[in-house]
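Encoded as structure tokens, the structure appears first; notes follow it.
There are 2 protein chains.
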Amino acid sequence: MPKKKIKINVEPIGKRIYLDMPTNGLDALIDAGIGIKSVCAGEGTCGKCRILVLDKSGDPPNSQEEKILSPDEIGRGIRLACQQTFDRDVNIYIPASSLSEKQKLQVGGKEKIVDIDPVCRKYFLQLKKATMDDLGSDLTRIKRALKKEYGIKVDTIDLRAMAQMPQAIRSNSWEVTATIRGKEIILIEGGDRTKNSYGLAIDLGTTKIAVLLVDLLTGRTIDSTGVMNPQISFGEDVMSRLNYAAASDENSARASKVVTDKINDAVIELCAGNNLEKEEILEMTVVGNTAMHHLFLGLPVKQLGLSPFIALTDEALNIKAREAGIRIAPGAYIYLLPPIAGFVGSDHLAVVIASDIHNKKGNHLAIDIGTNTEIALKSGNKITSVSTASGPAFEGAHIKHGMRAAPGAIERVIIDPGTCVSSIQTINDKEAVGICGSGILDAVAELLKAGIIDKRGRFKQGSGSLCKDDKGQLQYVLASRAGGGTNSGTSEAASGKEGEENIGPACDDRDISISQKDIVEIQLAKGAMRTGIEVLLEDAGIGFKDIDRVVIAGAFGSYIDPKNVINIGMFPNISLKKISQVGNAAGVGAKMVLISKKQRAEAEKTARMIDYLELTVFPSFNDHFINSMQFPESGNII
Amino acid sequence: MPKKKIKINVEPIGKRIYLDMPTNGLDALIDAGIGIKSVCAGEGTCGKCRILVLDKSGDPPNSQEEKILSPDEIGRGIRLACQQTFDRDVNIYIPASSLSEKQKLQVGGKEKIVDIDPVCRKYFLQLKKATMDDLGSDLTRIKRALKKEYGIKVDTIDLRAMAQMPQAIRSNSWEVTATIRGKEIILIEGGDRTKNSYGLAIDLGTTKIAVLLVDLLTGRTIDSTGVMNPQISFGEDVMSRLNYAAASDENSARASKVVTDKINDAVIELCAGNNLEKEEILEMTVVGNTAMHHLFLGLPVKQLGLSPFIALTDEALNIKAREAGIRIAPGAYIYLLPPIAGFVGSDHLAVVIASDIHNKKGNHLAIDIGTNTEIALKSGNKITSVSTASGPAFEGAHIKHGMRAAPGAIERVIIDPGTCVSSIQTINDKEAVGICGSGILDAVAELLKAGIIDKRGRFKQGSGSLCKDDKGQLQYVLASRAGGGTNSGTSEAASGKEGEENIGPACDDRDISISQKDIVEIQLAKGAMRTGIEVLLEDAGIGFKDIDRVVIAGAFGSYIDPKNVINIGMFPNISLKKISQVGNAAGVGAKMVLISKKQRAEAEKTARMIDYLELTVFPSFNDHFINSMQFPESGNII
């Protein structure tokens, strides 16, 4: 039996490091190719290599850490990587400030052009000065001016906006700008502020949060940022987060707070970078899966994690931002698109409206690939949606050398069918650290194409390109790190270790390789997606040939090579022209309902059109799943 | 020159104590007749005589205080009276827990019968259980049942009510009770809770807060309590509180918090006494003067304290209770009746609707006597209201021996016109400690009647009943405490000190007496009110003889002898039958709009009917004021 290795799980990169012996934390991270900052070369004086030790079993700080870190940081589990020894399994989180390079987090997507008609509008008002002969209240003056100048009648005013009135009025010669949302005044500013109308569209993902800063007058995205969802420290997948939050009210509150804090930080950063105040943000829209939706609002989730997985609501919500702990204009609202069901969230609705399938004739599929993959089929006047537990394999989890799309991740793989040697491309051309989703997809497709694996996913014993790991399991090496040398991102790994025997030389532990287990994970993932498609088609009584267009949404979906999606059988064979990769369509949908009242109404109407179909109770589900696990015959690979 | 005395201002009783020399705090309070608790006789061990030293100049705690008091209490200025030495001017506040007897705080009033039709209603619902074949959200189920069982369509649900759904539903066999307010679900409870519907009506006064606990199904007041407004520690009168709150955001927040805390405490106490949970309170209504309204909500008040004294709003407000820091049902609202103007608050509107003058034909006056006295004249189809700065004299302030209606306060005075000797009645028949409003009114009327003061308010030098204070000023002694003896509440003070000279023997410092300055304060107060009445009559073009009814509201108004109101010329001579004393009409109005939607609509309509008339800009204001200062000719006294 080989000695059990020490496993370090590194978030937010999603990389696992295996150590043979206790190792200095900074050394281990650098050895694994993770871009962590360090200036003092491990002396413990620069404080750049802060990490968050997620497990409570973290050692007490040493004297150097006590000198550099604040008591609050220490209390939260922050330590210096260089002062830590990784001597047992541990989960760590590297804050963005300690990472030398940002992760690749796609926030944009292909936008549909919509009319600019936001729910909030600003009106400049010249008020009559109060005198002993004209004693009307501040609000009366504002209402009178709105009526007289613009013919607008409002019903109510936000309490905080009311509190802004006296100062705004009296410090600005009785000139103010009122922001109206529906029949409510939500903001009062001094002077003419009609040119400054901003909003935020947020795609609240399980892994990442995309934040778009939008000018509500032009509809233009001024700036955007992508940040990791910090709930990752409570569990990587949705179900473990639901379990965490359901365990206690404190957990639920914490799960909500880490996200709202993160969004608040992102808002501050975006505002600072664009020279505006967060109080100028008039509206925020949020889309996300139903779990993220509930956790964000601090709503109870116990029932969402238990069969039959019931959501609290399937309606759109208008919540005061301050009630949700979001610090923008004090009277501003957050608009949350309606969830569809327990496992089909408002992000799916956003994908549907962004891809515009609800307005199209014919048969259309929209697929948002993630840990759960939601698939909508528009056919006739109906939209039917399913959610498949495709798992996180395409996000790099459950894959031995898997990682997220961070610098050093292998994102493209080509295998020469003759030599069985691979060429790889890594993100930012860094030395290979692991494999991200698109790289895994490529690798499997190329292994199939080169005949190294068969249609059941098994390594062919005769294939001249495999080595054995320390448990005797076959592996295909994509990148050899054994020599510890190549800095070029595009390298050729002699996957067969030329000159040695064809089967079974021992792999070097440091090599980036694909294992048999990894292939099975990919089969499960692609099988789940294919099953969802097949069930939808059967339910609608059509075949794949009847499909006019397939829209692939999501960050992963925009990096992949669509032909390999077909090659591994995630989709049936289809003309590549029918496939559109639209990027972060959920974010685009969130933006559409931010800048257009009409789109908001249309989205809510579309939500009521969508029928959720529960896959597991569909009669032929099991048959489809078993068939979908297989890879296509090698002759069908394009 | 006599030595300057040490002045101790004792709140919430409104009593001032003058000391010749440094004195132990507990002794000084007991000597002054104030009912402060003490068990250990000043040893500093029982901790009963806790007082709040309002000035920051309070001494640091001694070792005994450090033993008995918590660091938090010490930080807030709490000390033990028995361990303090009063050696300089200081303001102290005696918490209710340290007072041996409660103050007299009227909370009730004469009620008008209204239909019971509260804004909140409960509905019992039997929901369909969720299954894999019926995956509708919790909210969808509740809405479906509301529609099917009761034909009710709601638009929205409170976020907190939404959070209550899953537990309420699943712990109670899918039976819940939904509370609807307008088109919103504000509360979800498990099981059938339709019999439990409660509300609170609050009259938020400058001095006291009256809280009525009301059964919304029957309209019955189940219980009530009156508590002091703790803002008194920031200033006794409205203007000093406005100045305090306007000084900083922290002050403003504190002024709001002390009131909401006090109300929360009162709610807990009322609920505990009636075996119900505060979360069962579905709605709260609040009336108060415009300053109390703004301060309660933490709204800015700087502009309210500066000419032209502009209110932020003159509309009714519906605020989530939790937004105002009030802990009742989490989704509950507070409804605040509209203020009329900067110095005519929603309490005045409440008095108008409770006294029903808005529905009466003829000419009606409604007068709510306080530090500011608001007067409404209903004449024809119009209601005109004024506010007069009558000052706090009738609440015992600015009167040498004045105090509020606490035990030991002289509340009734009769002076024998022959002997000029007074008979007094004190509250709870305790030894006389000071004079409260009704006692002052009686005393002045009786002094006039006995010819001891003339119509200009001056003591008649020849009157055989006066003594001189240490500054040589004339005084009339109501109760002699010199002997330190009589425990009987009804005592006869030999006010002339029989056997001595008629004019000018020296008064004993401890006597409870009326000074020339006190008389002037009463003249100013009653003059202000009379001026208000005269201006309203002139404005309406009618005379006092045309008045069909005068409604006197307010706690003070219900304790006074109405004939003495006429005798001092606060009102012109009028048949006593036309005068109604209705008690806390503001509280009654708050209750009316709590239990009836129709009354709420009627009140808002009435608010728009009321014209505010600014007295100080009325042309003949000064003439009226000068005339109103005088007392009636002695022949006109009844």
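Note that the protein sequences, when read in sequence, are chains A and B.
Under our numbering, think of the first position of the first sequence as 1, with each following residue one higher.
Under our numbering, think of the first position of the second sequence as 1001, with each following residue one higher.
Even for Gly, the Cβ is constructed at its ideal location relative to N, Cα and C.
Which chain B residues sit within Cβ distance under 8 Å of A/T131? Residue 131 of chain A sits at position 131 when you count from the first residue of the first sequence. Going along chain B in sequence order, the residues near A/T131 (Cβ under 8 Å) are P1308.
List the residues of chain B whose Cβ lies closer than 9 Å to the Cβ of A/I638, in chain order. The residue given as residue 638 of chain A occupies position 638 in the first sequence. Result: empty, since nearest Cβ-Cβ is about 39 Å, beyond 9 Å.
Chain B within 8 Å of A/G673, Cβ atoms only: A query on residue 673 of chain A cannot be resolved here, the shown segment of chain A reaching from 1 to 638 and no further.
Taking one C-beta from the segment 197 to 209 of chain A and one from the segment 253 to 270 of chain A each time, how about it: are there three or more such pairs within less than 8 Å? yes
Under 8 Å, Cβ to Cβ, is there at least one residue of chain A near B/V1617? Position 617 of the second sequence, counting from 1, holds the residue named residue 1617 of chain B. Yes, contact with chain A.
Going by C-alpha to C-alpha distance, which of B/A1525, B/A1163, B/S1173 and B/V1154 sits closest to B/K1183? Here the question's residue 1183 of chain B lines up with position 183 in the second sequence. Considering only alpha carbons, the answer is B/V1154.
Between the Cα of A/T606 and those of A/P339, A/C46 and A/D115, spot the shortest distance and give me the residue it belongs to. Taking the first residue of the first sequence as 1, we reach residue 606 of chain A at position 606. Checked all of A/P339, A/C46 and A/D115; the closest Cα to A/T606 is A/P339.
For B/A1585, which residues in the same chain have their Cβ closer than 6 Å to its Cβ, ignoring the five residues on either side in sequence? Residue numbering aside, residue 1585 of chain B sits at position 585 when the second sequence is read from its first letter. For B/A1585, same chain residues with a beta-carbon under 6 Å away, outside a window of 5 residues either side, are G1109, V1351, A1354, S1355 and A1553 in chain order.
Helix, strand or coil: how does DSSP classify B/M1021 here? Taking the second sequence and counting its residues from 1, the one referred to as residue 1021 of chain B is at position 21. The three-state secondary structure of B/M1021, taken from DSSP, is coil.
From A/S628, A/R608 and A/N622, residue whose alpha carbon lies closest to that of B/S1137: Along the second sequence, read from residue 1 onward, the residue named residue 1137 of chain B stands at position 137. If we check each option's Cα against that of B/S1137, A/R608 comes out closest.
Let me make sure I understand the geometry here. Which of B/G1370, B/L1304, B/T1373 and B/M1403 has the alpha-carbon closest to that of B/G1661? Because chain B in this structure spans residues 1001 to 1638, residue 1661 of chain B falls outside the shown range and cannot be described.
First through last residue of the beta strand (DSSP E) which encompasses B/S1224: Taking the first residue of the second sequence as 1, we reach residue 1224 of chain B at position 224. It spans T1221 to M1228 - the beta strand (DSSP E) in which B/S1224 sits, taken as one unbroken run.
N- and C-terminal bounds of the beta strand (DSSP E) containing B/R1549: As a working mapping, residue 1549 of chain B is identified with position 549 in the second sequence. R1549 to A1553 is the span of the beta strand (DSSP E), which, as asked, contains B/R1549.
Which residues in the same chain have their Cβ closer than 7 Å to the Cβ of A/K75, if we skip the five residues on either side of it in sequence? Residue numbering aside, residue 75 of chain A sits at position 75 when the first sequence is read from its first letter. The amino acid at residue 75 of chain A is misidentified as Lys; the sequence shows Gly. None.
Below 8 Å on the Cβ atoms is my contact criterion, and I expect B/A1443 with B/L1478 to pass it. Report the Cβ-Cβ distance as a whole number of Å. Here the question's residue 1443 of chain B lines up with position 443 in the second sequence. Here the question's residue 1478 of chain B lines up with position 478 in the second sequence. Indeed they touch by this definition, with Cβ atoms about 6 Å apart.
Give the residues from the segment 368 to 393 of chain A that approach chain B closer than 8 Å (Cβ to any Cβ), ordered along the chain. Of all residues in the segment 368 to 393 of chain A, none has a Cβ within less than 8 Å of some Cβ in chain B.
Buried or exposed: where does A/E500 fall if 16 or more other Cβ atoms within 10 Å of its Cβ makes it buried? Within the first sequence, the letter at position 500 stands for residue 500 of chain A. Residue confidence for A/E500 is low, a pLDDT of 42 falling below 50, so the modelled location carries little weight; the figure read from the coordinates is stated next. With fewer than 16 other Cβ atoms within 10 Å, it is exposed.
Mind checking B/S1063: buried by the 16 CB within 10 Å criterion, or exposed? To locate residue 1063 of chain B, count along the second sequence from 1; it is residue 63. That one is exposed.
Mapping DSSP to helix, strand and coil, what is A/L615? As a working note, residue 615 of chain A is residue 615 in the first sequence. In this structure, A/L615 counts as helix in the three-state DSSP scheme.
On the CB-based measure, 16 or more other CB atoms within 10 Å of its CB, does B/A1406 come out buried or exposed? The count along the second sequence starts at 1 and reaches residue 1406 of chain B at position 406. Buried, by the Cβ-count rule.
Can you pull the chain A residues whose beta carbon is under 9 Å from the beta carbon of B/I1319, in chain order? Looking up residue 1319 of chain B in the second sequence gives position 319. Result: L159.
Provide the residue span of the beta strand (DSSP E) that contains B/F1544, from first to last. Against the second sequence, residue 1544 of chain B aligns to sequence position 544. Here B/F1544 belongs to no beta strand (DSSP E), and DSSP marks it neither H nor E.
To be precise: take each residue of the segment 1061 to 1073 of chain B, compare its Cβ to all Cβ atoms of chain A, and keep it if any distance is under 9 Å. Which residues remain? none
Run down chain B in chain order and give the residues with a C-beta less than 7 Å from the C-beta of A/T140. Translated into positions along the first sequence, residue 140 of chain A becomes position 140. What A/T140 touches in chain B: D1314.
Taking the C-alpha atoms as reference points, what is the distance between B/S1488 and B/V1227? Counting from one through the second sequence, the residue named residue 1488 of chain B turns up at place 488. Counting from one through the second sequence, the residue named residue 1227 of chain B turns up at place 227. Since pLDDT at B/S1488 reaches only 36, below the 50 mark, its modelled position is unreliable, and the value read off the structure follows with that caveat. Rounded to whole angstroms, B/S1488 to B/V1227 spans 28 Å at the Cα level.
Check distances from the C-beta atoms of the segment 1291 to 1303 of chain B to those of chain A and list, in chain order, the residues that come in under 7 Å. L1297, L1299, P1300, K1302 and Q1303
For the alpha helix (DSSP H) containing B/N1381, name the first residue and the last one. Numbered from 1 along the second sequence, position 381 holds the residue referred to as residue 1381 of chain B. Per DSSP, B/N1381 belongs to no alpha helix (DSSP H) and is neither H nor E.
Compute the Euclidean distance between the alpha carbons of B/I1626 and B/F1618, then round it to the nearest angstrom. Position 626 of the second sequence holds residue 1626 of chain B. Position 618 of the second sequence holds residue 1618 of chain B. A straight line joining the alpha-carbon of B/I1626 with that of B/F1618 spans about 14 Å.
Which two residues bound the contiguous beta strand (DSSP E) that contains A/Q84? Within the first sequence, numbered from 1, the residue matching residue 84 of chain A stands at position 84. Segment: none, A/Q84 is in no beta strand (DSSP E) and carries neither H nor E.
Would you say B/V1238 and B/T1371 are within 8 Å of each other, going by their C-beta atoms? For the purposes of this step, residue 1238 of chain B is identified with residue 238 of the second sequence, where counting begins at 1. For the purposes of this step, residue 1371 of chain B is identified with residue 371 of the second sequence, where counting begins at 1. In this structure, B/T1371 lies closer than 8 Å to B/V1238 by Cβ.
What residues from chain B crowd round A/G342, counting only those whose CB sits closer than 9 Å? Residue mapping note: residue 342 of chain A aligns to position 342 of the first sequence, counting from 1. The contacting residues are L1135 and S1137.
Closer than 7 Å at the beta carbon, the chain B residues around A/M165: Translated into positions along the first sequence, residue 165 of chain A becomes position 165. Residues of chain B passing the Cβ test: L1312.
Nearest candidate by alpha-carbon position, reference B/I1375, set B/E1534, B/I1051 and B/D1314: Indexing the second sequence from 1 puts residue 1375 of chain B at position 375. Of B/E1534, B/I1051 and B/D1314, the residue nearest in Cα terms is B/E1534.
Could you list which residues in chain B have their beta carbon closer than 9 Å to that of A/E614, in chain order? As a first step, residue 614 of chain A is located in the first sequence; it is residue number 614 there, counting from the start. Neighbours of A/E614 on chain B, chain order: M1132, D1133 and L1135.
Put B/A1409 into one of helix, strand or coil per three-state DSSP. To locate residue 1409 of chain B, count along the second sequence from 1; it is residue 409. B/A1409: strand per DSSP, three-state reduction.
Per-residue burial, B/E1633 [other beta carbons within 10 Å of its own, 16 or more giving buried]: For the purposes of this step, residue 1633 of chain B is taken as residue 633 along the second sequence, with counting starting at 1. When all chains shown are included, B/E1633 counts as exposed.
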